[in-house]
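To start, the structure itself, in structure tokens.
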Amino acid sequence: MPGSGAAAHPTKEPWMPAPESSPAQSSLPASASHFGTYVLANAARACDIGAATGDRPVLPSLPTPSPVDVPAVEVRTPSPGLERILRGPSGLGTASLHLTRREEPSPPPEPPTAPAEGNPIPGLYHHPVPEPHPGRVQEVSLRIKAWALDEVDLYPEDWEDQFDGFSVGRYMVACHPDAPTVDHLMLATRLMVAENAVDDCYCEDHGGSPVGLGERLLLAHTALDPLHTTKEYQPQWAESLHSDAPRRAYRSAMEYFLQQASPSQADRLRHDMARLHMGYLAEAAWAQADHVPEVWEYLAMRQFNNFRPCPTITDTVGGYELPADLHAQPAMQRVIALAGNATTIVNDLYSYTKELASPGRHLNLPVVIAEREAVSDREAYLKAVEVHNDLMHDFEAEAAALAAACPVPSVQRFLRGVAVWVDGNHYWHQTNTYRYSLPDFW
Numbered sequence: 300m301p302g303s304g305a306a307a308h309p310t311k312e313p314w315m316p317a318p319e320s321s322p323a324q325s326s327l328p329a330s331a332s333h334f335g336t337y338v339l340a341n342a343a344r345a346c347d348i349g350a351a352t353g354d355r356p357v358l359p360s361l362p363t364p365s366p367v368d369v370p371a372v373e374v375r376t377p378s379p380g381l382e383r384i385l386r387g388p389s390g391l392g393t394a395s396l397h398l399t400r401r402e403e404p405s406p407p408p409e410p411p412t413a414p415a416e417g418n419p420i421p422g423l424y425h426h427p428v429p430e431p432h433p434g435r436v437q438e439v440s441l442r443i444k445a446w447a448l449d450e451v452d453l454y455p456e457d458w459e460d461q462f463d464g465f466s467v468g469r470y471m472v473a474c475h476p477d478a479p480t481v482d483h484l485m486l487a488t489r490l491m492v493a494e495n496a497v498d499d500c501y502c503e504d505h506g507g508s509p510v511g512l513g514e515r516l517l518l519a520h521t522a523l524d525p526l527h528t529t530k531e532y533q534p535q536w537a538e539s540l541h542s543d544a545p546r547r548a549y550r551s552a553m554e555y556f557l558q559q560a561s562p563s564q565a566d567r568l569r570h571d572m573a574r575l576h577m578g579y580l581a582e583a584a585w586a587q588a589d590h591v592p593e594v595w596e597y598l599a600m601r602q603f604n605n606f607r608p609c610p611t612i613t614d615t616v617g618g619y620e621l622p623a624d625l626h627a628q629p630a631m632q633r634v635i636a637l638a639g640n641a642t643t644i645v646n647d648l649y650s651y652t653k654e655l656a657s658p659g660r661h662l663n664l665p666v667v668i669a670e671r672e673a674v675s676d677r678e679a680y681l682k683a684v685e686v687h688n689d690l691m692h693d694f695e696a697e698a699a700a701l702a703a704a705c706p707v708p709s710v711q712r713f714l715r716g717v718a719v720w721v722d723g724n725h726y727w728h729q730t731n732t733y734r735y736s737l738p739d740f741w
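Heads up, the sequence shown is in my numbering, so the first residue is 300 and it goes up one at a time.
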């Protein structure tokens, strides 16, 4: 892979009010009503997998930060429908799903930190979040750099400034405030860095090219979805996984992920990574043909070449599981897709000036709108902001409707996790002034 900044304090309120208190009106397709009926009829089975044997986990979280740990940030009040998602489950049988103080020692108090630099895009609909916990940011940052250098030999020395400027530790802590441990945060962090290595080295700045991209992506994908072949050829494939930095990173990140993920969570990630790679190939085909797609075609590509693999693992990083049958429901898939689409347009908007300054023509939503709808660069950029806002409002409305139709604790927590991921993603783009700056359109 996400909602209001208020979600960064998960222990302050019960998760979900009584069903009748939400004014959100469902705009889900007709199948959603059948989904609600199905879930309500099977809620005990869906929520209590393992309960009969006492295997149901207690979900820990960070201790509630004190004012010394995390400086206060003014946060916009979310809509009533979205607030329902952020509060989570209540009622008989849900006590063990409330976030509790974890047993591992709490990090020592941190000195106050100044809010990171960077201004939000004027008119962009978003929810501010508190600064991520600095102790966790520092620990994740140290661990991910050690992994990149010592375990997978990810980049040469002259790329170090770019790696540090990516600020991936701050990114992942902001997106996953309910991760029970730093080890859980590292699952998402390794995958994020590996995905960016594939994008940079195969597609973009560091030697990437549309020529031959399909072959490179296919072979790299086997680091996530392993080859099942004969004994004669298996060693050659295994050796190939160490042949370049993207494959080394994919292989290692997936090995760590499999230590915590269930089989269905791992297969879900593989599926979404295949979607991502298909989106890369569509964009590469347009680049080879020097073709600017229609706006709707570009948005279709961005539904695949987007952040979806990140919020889709929010339950694994949170230390719980959304059952496969609930994750696969069309209503849930629509919510996840809208979240991925909105967060990806955020990337288009914040990276706009960076891409304009790069060699060649980089497709992003403002560029495509300007070309296809014959408007100025400013008009195209402002219309792209509107597209993002429409996607965000649809995401929040659909998530609220799904939360109302499906009062299953794992569904409630997953929706909340995706909402938090959306907000953390915006926070990182807004504050990463090393990478991004805004155009002068206001």
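Ideal Cβ placement from N, Cα and C applies to all residues, glycine included.
Annotated as distal: residue 610 and residue 436, with beta-carbon spacing of 7 Å or more.
The beta carbon of residue 594 lies closer than 8 Å to those of 664, 667, 668, 671, 672 in the same chain, with the five residues before and after it left out. Residue 542 sits in coil when the DSSP states are folded into three classes, being neither helix nor strand. With a contact defined as Cβ atoms closer than 8 Å, residue 701 and residue 631 qualify at about 7 Å. In the three-state DSSP reduction, residue 502 falls in the helix class (H, G or I). Between the segment 704-713 and the segment 423-442, the count of C-beta pairs closer than 8 Å stays below three; the two stretches do not touch.
DSSP places residue 676 within a helical segment (H, G or I) once states are collapsed to three. In this structure, the alpha-carbon of residue 604 lies about 12 Å from that of residue 641. Each residue's CA atom was taken as its position, placing residue 565 and residue 649 some 31 Å apart.
When C-beta atoms of the segment 577-587 are compared with those of the segment 522-539, fewer than three pairs fall below 8 Å, so the two segments do not count as touching. Using a Cβ distance threshold of 7 Å, residue 511 and residue 730 do not count as a contacting pair.
For residue 660, there is no enclosing alpha helix (DSSP H), as DSSP marks it with neither H nor E.
In the DSSP assignment, residue 609 falls outside any alpha helix (DSSP H), carrying neither H nor E. When the five nearest sequence neighbours on each side are left out, the beta carbons in the same chain lying within less than 8 Å of the beta carbon of residue 692 are those of 424, in order along the chain.
When DSSP states are grouped into helix, strand and coil, residue 692 belongs to the helix group. Using a 10 angstroms sphere on the CB of residue 567, the tally of other CB atoms reaches 16 or more, which defines it as buried. The shortest CA-to-CA distance from residue 477 to any of 725, 522, 713, 558 is the one to 713.
Going by beta carbons, residue 614 and residue 625 fall outside the 7 Å limit. With fewer than 16 neighbouring CB atoms inside 10 Å of its own CB, residue 675 falls in the exposed class.
The straight-line gap separating the alpha-carbon atoms of residue 519 and residue 540 is approximately 7 Å. DSSP, read as helix, strand or coil, puts residue 462 in helix. In this structure, residue 741 sits near residue 421, with a CB-CB distance shorter than 7 Å. Secondary structure in the segment 414-481: the alpha helix (DSSP H) runs of 4 residues or longer, each lying completely within the stretch, are 433-445, 459-465, 467-474 in chain order. Per DSSP, the continuous alpha helix (DSSP H) segment holding residue 514 begins and ends at 512-520. When only Cα atoms are considered, residue 682 and residue 635 end up about 23 Å apart. Across the structure, residue 607 and residue 660 are spaced so that their CA atoms are roughly 25 Å apart. Its chain contains 497, 501, 576, 579, 580 as the residues whose beta carbon lies nearer than 8 Å to that of residue 516, once the 5 sequence neighbours on both sides are disregarded; these appear in chain order.
In this structure, the beta-carbon distance from residue 472 to residue 419 does not fall below 7 Å. Counting along the chain, the unbroken alpha helix (DSSP H) around residue 666 starts and ends at 664-671. Just so you know, the alpha carbons of residue 484 and residue 475 end up roughly 7 Å apart.
Apart from the 5 residues on each side of it in sequence, residue 523 sits with its Cβ closer than 6 Å to the Cβ of 549, 553, 569, 572 in its chain, given in chain order.
Closest in C-alpha terms to residue 547, from the list 562, 528, 527, 521, comes 521. Annotated as proximal: residue 450 and residue 551, with beta-carbon spacing under 7 Å. Your pair residue 738 and residue 680 checks out as a contact, with CB atoms roughly 6 Å apart and the cut at 8 Å.
In this structure, 735 is the residue among 623, 633, 556, 735 with its C-alpha nearest to the C-alpha of residue 645.
Counting the other Cβ atoms within 10 Å of the Cβ of residue 508 gives fewer than 16, which makes it exposed.
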